[in-house]
Amino acid sequence: MQVKVFDLGKVRRDAVVTVRVAAMANVRLLTAVNFEAYRRRQFYRMHGGVATAPTFKIHIPANAHWFLVLDVEGLKSLPLHPRVSVEA
Numbered sequence: 000m001q002v003k004v005f006d007l008g009k010v011r012r013d014a015v016v017t018v019r020v021a022a023m024a025n026v027r028l029l030t031a032v033n034f035e036a037y038r039r040r041q042f043y044r045m046h047g048g049v050a051t052a053p054t055f056k057i058h059i060p061a062n063a064h065w066f067l068v069l070d071v072e073g074l075k076s077l078p079l080h081p082r083v084s085v086e087a
């Protein structure tokens, strides 16, 4: 399965993460604790959803250290060619 992980570092609340992908992908915005749970295949909480358009935006809900995970679990596996930016 194709998985791309971006360590966004500490990001302030209300910042906007913009994800650009070439194909459909699951977009998961996770705190450090939830990212570890995701990696261990345990229960985790996330923000995001399925990017069905080339551009997907997520608002950061709280000041924290954030990870962005893009994967194609349950979707057709096509190259994503992701680009991620954070706007404060």
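Per numbering that gives the first Met the number 0, the sequence shown runs over residues 0 to 87.
Positions of the beta carbon are idealized from the N, C-alpha and C atoms, including for glycine.
Excluding the 5 residues preceding and the 5 following residue 4 in the sequence, name in chain order all residues of the same chain whose CB lies nearer than 6 Å to its CB. Locating residue 4 in the sequence shown gives position 5, counting from the first residue. In chain order, 68 place their CB closer than 6 Å to the CB of residue 4, counting only its own chain and leaving out the 5 sequence neighbours on each side.
Taking DSSP as the reference, what is the three-state secondary structure of residue 38? Taking the first residue of the sequence shown as 1, we reach residue 38 at position 39. Residue 38 falls in the helix class under three-state DSSP.
Once you ignore the five residues that flank residue 45 on each side, which residues in its own chain have a CB closer than 7 Å to its CB? By 1-based counting over the sequence shown, the position of residue 45 is 46. So the list reads 27, 28, 29, 33, once near-sequence residues are dropped.
In whole angstroms, what separates the C-alpha of residue 16 from that of residue 41? Position 17 of the sequence shown, counted from the first residue, corresponds to residue 16. Position 42 of the sequence shown, counted from the first residue, corresponds to residue 41. Those two C-alpha atoms are separated by around 25 Å.
Grab the span of the beta strand (DSSP E) containing residue 15 for me, first residue to last. Against the sequence shown, residue 15 aligns to sequence position 16. Where residue 15 is concerned, the enclosing beta strand (DSSP E) stretches over 15-19.
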